[in-house]
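Protein chains in written order, with the numbering used here: chain A, 3 to 112; chain B, 98 to 206. Just so you know, even glycine gets a beta-carbon here, dropped at the ideal spot from N, CA and C.
See below:
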């Protein structure tokens with residue numbers, strides 16, 4: 003059973019515009035959420051995280067929003083750059099185990 | 098440094114052959130270590146995790162196995178590879194978040 007879902011397998015955005023990547027989860031016990039970025043033939047690298055006690059966390063061009071009532075997480079990238087083209091995984095943590103989504107492949111078109 | 102060394106980077110193996118992927122980590126002792134697989138078009142699937150030497154937990158029944166002979170060494174093995182074992186294998190350690198190795202692209206032919 004997929005507890006963390008990324009329903010959009012791919013997304014294309016023009017350079018300079020906003021990229022919005024979405025993630026839904028089912029387990030209300032998740033208390034920590036993360037986004038990872040993965041280039042082909044490389045391991046995922048940590049991008050940004052948010053605790054369940056917050057609803058927003060911002061780091062430069064990257065902002066993560068958390069809507070606990072909707073069990074929904076989103077990553078906003080503004081402005082999008084061609085180097086942002088990668089697969090993005092959201093992940094959720096119960097404190098004992100991480101669960102990853104299936105990933106969204108972002109393509110930023112120059 | 099919490100560096101993770103993983104090798105080889107790519108591997109092509111025939112069906113029925115054995116497999117050994119090695120992962121070594123630097124940094125704090127007694128890390129929690131993980132093997133993940135990313136199959137084509139799919140997310141990250143947890144295969145094994147280890148909380149210490151000789152301690153292995155399996156998440157998915159399959160023809161793969163894992164061992165942890167030393168504190169900072171985690172090995173993924175198979176006696177006979179299947180075509181379905183093809184994928185991208187990632188070693189990871191968990192502190193307050195995951196740190197991943199660079200991965201091994203395995204193609205079983």
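When rounded, the separation of the alpha-carbon atoms in residue 66 of chain A and residue 99 of chain A is 21 angstroms.
For residue 195 of chain B against residue 118 of chain B, the beta-carbon gap comes to about 18 angstroms, at or over 8 angstroms, which does not count as contact. According to the DSSP assignment, residue 146 of chain B belongs to the beta strand (DSSP E) that extends over 141 to 149.
For residue 187 of chain B, the nearest beta carbon of chain A is closer than 8 angstroms to its own beta carbon.
DSSP, reduced to helix, strand and coil, places residue 179 of chain B outside both helices and strands of the structure shown, so it counts as coil.
Taken through DSSP and simplified to helix, strand or coil, residue 85 of chain A comes out as helix.
Setting aside the 5 residues that flank it on each side, residue 174 of chain B is surrounded in the same chain by 115, 116, 117, 118, 161, 162, 163 and 164, each with a C-beta closer than 8 angstroms to its C-beta; the list follows chain order. The beta carbon of residue 120 of chain B sits closer than 8 angstroms to the beta carbons of 101, 102, 103, 130, 132, 170, 171, 172, 173, 188 and 198 from its chain, once the five residues preceding and following it are set aside; these are given in chain order. For residue 102 of chain A, at least one C-beta of chain B is nearer than 8 angstroms to its own C-beta. If you look at residue 61 of chain A, you'll find it in the beta strand (DSSP E) that goes 58 to 61. Contact residues of the stretch 41 to 52 of chain A toward chain B are 43, 44, 45, 46, 47, 48 and 51 (C-beta to C-beta distance below 8 angstroms). Under the DSSP definition of a beta bridge, residue 66 of chain A partners with A:59 and A:77. Proximity of the stretch 21 to 32 of chain A to the stretch 75 to 86 of chain A meets the contact definition, three or more beta-carbon pairs being nearer than 8 angstroms.
With a cutoff of 8 angstroms on beta-carbon distance, residue 86 of chain A and residue 21 of chain A are scored as near each other. Among the bridge pairs identified by DSSP, residue 102 of chain A is matched with A:93. Cβ contact annotation for residue 182 of chain B (same chain, cutoff 6 angstroms, sequence separation greater than five): 205, in chain order. Considering only beta carbons, the part of the stretch 174 to 206 of chain B lying closer than 7 angstroms to chain A consists of 187, 194, 195, 197, 198, 199, 200 and 202, in chain order. Taking a Cβ-Cβ threshold of 9 angstroms, none of the residues of chain B is close to residue 35 of chain A; the smallest such distance is about 11 angstroms.
Between residue 38 of chain A and residue 47 of chain A, the CB-CB gap stays under 8 angstroms. Around the beta carbon of residue 52 of chain A, 16 or more other beta carbons sit within 10 angstroms, so the residue counts as buried. Per DSSP, the beta bridge partners of residue 52 of chain A are A:35. The three-state reading of DSSP puts residue 110 of chain A in strand, counting E and B together. The residues 37, 38, 39 and 64, in chain order, have a CB closer than 7 angstroms to that of residue 49 of chain A in the same chain once the five nearest residues on each side in sequence are set aside.
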